[in-house]
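Chains as they are written, first to last, in full-length UniProt numbering: chain A, 1 to 164; chain B, 1 to 164. Think of the CB as a built atom: it goes at the ideal place given N, C-alpha and C, for glycine as much as any other residue. Since the model is a prediction, treat every value here as computed from it, not as a measurement.
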DNA sequence: TAGAGTTAGTTCAAGCGACAACTTTCGCCG
DNA sequence: CGGCGAAAGTTGTCGCTTGAACTAACTCTA
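Pasting the structure below:
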């Protein structure tokens with residue numbers, strides 16, 4: 001109830017941002033589903049695990065890194081376990097907690113699907129941007145994220161993982 | 001299979017963009033659901049109709065403007081009709097086609113919910129950006145959209161509608 | 001050490017989107 | 001003008017996300 005409408009430049013930016021917000025996730029999901037048989041969210045889970053020490057993370061940490069919720073992650077991890085891509089095991093000190101670790105098969109999956117996904121990311125996003133725009137995008141997204149998640153609980157995971 | 005990994009700056013931008021792609025839509029949806037009792041997609045439909053001549057659009061056009069699909073739109077319009085916010089009627093010349101028009105109640109709904117939504121958009125996005133960044137974002141999103149939808153079928157609708 | 005409150009994670013029901021069929025209508029070509 | 005393919009929408013099924021309980025385990029305090 002404070003400010004009024006958006007200014008014309010803001011309006012233009014907003015319309016385009018909304019379009020990107022709807023089409024880009026759909027495009028990424030489609031690529032991964034077609035080429036790797038998994039969703040973008042599942043890919044993110046594997047990518048993050050592949051980059052972390054011991055390829056192991058607790059459920060709550062993993063939920064934070066993926067900008068997700070515990071119920072959602074719980075379901076997804078269940079599916080990944082069924083497919084043998086990750087495994088669950090108890091945390092020594094705390095019997096409430098659960099660790100999730102990438103399996104060898106999960107690592108293989110990342111190695112095989114990451115390059116194709118990175119190509120898609122290039123094609124849809126970075127091929128359209130100059131180096132200056134990449135930095136601008138970085139700053140802009142950082143500013144918005146600061147508003148959306150001031151606590152910073154959700155740390156920079158990574159998407160197109162090296163999966164070395 | 002062409003380029004290799006992302007460069008460090010690209011990687012940083014990517015991680016942040018992914019975070020924004022997941023958190024921003026969720027935040028907008030939450031605000032609208034809480035304050036207006038509808039989803040962001042439903043809001044978009046009403047907003048676009050409110051800005052178009054006669055507050056009327058054909059299903060296919062509306063699907064394009066909302067970056068959506070016909071089946072999805074069909075379901076949403078059905079719900080909006082049940083709530084009395086829009087109405088469907090035949091297109092004179094073509095008996096296959098269907099027009100959708102905003103009702104008086106739908107207009108009222110926009111008038112009452114748009115200001116709050118615009119405030120949210122400001123809070124999450126534009127308050128975090130300088131005027132220069134707004135223009136940068138506009139250019140960046142335009143470039144990405146060009147890659148995602150080269151045909152440009154999906155025209156600039158509008159999100160935070162005046163609902164005059 | 002018993003009890004209250006909190007945290008970690010799972011499960012269940014409800015709702016929405018995606019995809020594929022299906023119906024109806026139109027345009028076109030012989 | 002008969003028929004064939006394309007276009008416009010709708011409907012049905014399946015899978016996933018969400019939000020609300022619910023269980024189990026930990027911590028702090030009296």
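Beta-carbon to beta-carbon, residue 146 of chain B and residue 128 of chain A are separated by about 6 Å, close enough to satisfy the 8 Å threshold. Under the DSSP assignment, residue 76 of chain B falls in the alpha helix (DSSP H) whose first and last residues are 70-82.
Distance from the Cα of residue 97 of chain A is smallest, within the candidate group A/48, A/60, A/43, for A/60. Scanning chain A for C-beta atoms nearer than 7 Å to the C-beta of residue 67 of chain B yields 19, 22, 23, reported in chain order. By the rule that beta-carbons nearer than 9 Å mark a contact, residue 113 of chain B does not touch chain A. In the DSSP assignment, no residue is bridged to residue 62 of chain A. Per DSSP, the beta bridge partners of residue 57 of chain A are A/100. Excluding sequence positions up to five before and after residue 101 of chain B, its CB lies within less than 6 Å of the CB of 55, 56, 87, all in the same chain and listed in chain order.
When DSSP states are grouped into helix, strand and coil, residue 87 of chain A belongs to the strand group. Of the residues B/123, B/64, B/33, the one whose Cα lies closest to the Cα of residue 151 of chain B is B/64. Residue 124 of chain B is positioned such that its CB atom lies no closer than 9 Å to that of residue 121 of chain A. When the five nearest sequence neighbours on each side are left out, the beta carbons in the same chain lying within less than 7 Å of the beta carbon of residue 69 of chain B are those of 63, in order along the chain. Judged by beta-carbon spacing, residue 32 of chain A lies within the 9 Å limit of residue 42 of chain A, meaning their Cβ atoms are closer than that value.
Separation of residue 30 of chain B and residue 45 of chain A (C-alpha to C-alpha, rounded to the nearest whole angstrom) is 24 Å. Under the three-state reduction of DSSP, residue 37 of chain B is assigned to coil, being neither helix nor strand.
Cβ proximity to chain A below 8 Å picks out 126, 127, 128, 129, 131, 133, 134, 135, 136, 137, 138, 139, 140, 141, 142, 143, 144, 145, 146, 147, 148, 149 from the segment 126-149 of chain B. Residue 67 of chain B is positioned such that its CB atom lies no closer than 9 Å to that of residue 119 of chain B.
Between residue 13 of chain A and chain B, the shortest Cβ-Cβ separation is below 9 Å. Exclusion of the five residues before and after residue 39 of chain A leaves 29, 32, 33 as the residues of its chain whose Cβ lies within less than 7 Å of its Cβ.
In the assembly as shown, residue 19 of chain A is a buried residue. Its beta-carbon has 16 or more other beta-carbons within 10 Å. Residue 93 of chain A carries a coil assignment under DSSP once its states are collapsed to helix, strand and coil. Among the residues facing chain B, residue 77 of chain A is not included, as its CB has no counterpart in that chain under 9 Å away. Close to residue 16 of chain A, with beta-carbon spacing below 7 Å, are these residues of chain B in chain order: 138, 141, 142, 145. The shortest C-alpha to C-alpha distance from residue 132 of chain A to any of B/130, B/131, B/137 is the one to B/137.
Under the three-state reduction of DSSP, residue 7 of chain B is assigned to coil, being neither helix nor strand. With respect to chain B, the C-beta atom of residue 33 of chain A has no partner C-beta closer than 9 Å.
The three-state secondary structure of residue 51 of chain A, taken from DSSP, is coil. For residue 145 of chain B, the secondary structure class from DSSP, reduced to helix, strand or coil, is helix. Just so you know, the alpha carbons of residue 25 of chain A and residue 82 of chain A end up roughly 25 Å apart. Short of 8 Å from the beta carbon of residue 89 of chain A, and not among the five residues preceding or following it, lie these beta carbons of its own chain, in chain order: 98, 99, 101.
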